[in-house]
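See below for the structure under consideration.
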Amino acid sequence: MTGAAAPSPTAVDAAVVPPAAEPTPAAPAIPAPVAAVGSFDIDSAASTTVIVNKARPLAGGSSYVPADLVAARGGELMRADAAEALGRLYDAAEAAGHGLSSVSGYRSYDTQVSTYGGYVSSLGQDGADLTSARPGHSEHQTGLVMDIVDSEGRCGIEDNCMSQIPAGQWLAENAWQSGFVLRYPSGMTHITGFEFEPWHYRYIGVDAAAAYHASPAATLEEFFALPAAPNYV
């Protein structure tokens, strides 16, 4: 007795069933920007985020004087909000074991005339333009800048010393948390127009500084999508 014949394969049996497609992973969420660059006023002289460089003279020129100048930590003048933030910055540095000292804050237009003239006398026009702003183009006139060195007197403001000591390195890494940014970083002369100044810190406010820190920008010109300003126009 022979066995029963095996059933013929059906079309369904013969067909190759493709494996189930794997679900497409969801695209990672893109974090929202800390703040919109367009929300900052970069033109008004009294704005915390005003941009002053070789292509953008300070509005008001020789007559502009901030209305709220006060003595900041160390006695130098700054605008009130900047002075308060500077105190917080110095307190944070002290808590981290670093002493900081103020060298130069607000400078009037007339003071900048004298300062710039001194550099021209010692360095010539081209050398001065890499080191000191011409009158009307100085961030110091905004009242939002402080030149900062270590309190032990190891560094001045004529070399790169501050970038090479712990106090200066801490400052470069943490100043943004108090609303300050290093305005003239190393290797950016082709954009800022000035040589590396590891002592020159500009107050732009905590929100703007946080947005700047979170961005890939190395200069305020890049952050605000402004043209490079290596030369006076």
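Heads up, the sequence shown is in our numbering, so the first residue is 2 and it goes up one at a time. Cβ atoms here follow ideal geometry from the backbone N, Cα and C, with glycine treated the same way.
- Taking 8 Å as the upper bound for CB-CB distance, E77 and G106 are in contact here, some 3 Å apart.
- Runs of the beta strand (DSSP E) spanning 3 or more residues and lying entirely within the region 122-178 occur at 146-151, in chain order.
- Around the beta carbon of E159, fewer than 16 other beta carbons sit within 10 angstroms, so the residue counts as exposed.
- Put simply, the region 142-160 touches the region 190-200. At least three CB pairs are less than 8 Å apart.
- Around A97, the same chain offers W171 as residues with beta carbons nearer than 7 Å, after the five sequence neighbours per side are excluded.
- The three-state secondary structure of V182, taken from DSSP, is strand.
- The Cβ atoms of T193 and E174 do not sit closer than 8 Å to each other.
- In the displayed model, L70 falls within a strand according to three-state DSSP.
- V207: member of the alpha helix (DSSP H) spanning V207 to A215, first to last residue.
- The continuous stretches of beta strand (DSSP E) do not include L87, which lies in the alpha helix (DSSP H) extending over residues A81 to A96.
- According to the DSSP assignment, H201 belongs to the beta strand (DSSP E) that extends over H201 to Y204.
- At a Cβ-Cβ threshold of 8 Å, A210 and R57 do not count as neighbours.
- Looking at the backbone, the Cα of V114 and that of Y120 are separated by about 10 Å.
- Close CB contacts of E196 within its chain, under the 8 Å cut and outside five residues either way in sequence, are with L131, T132, Y185 and T190 (chain order).
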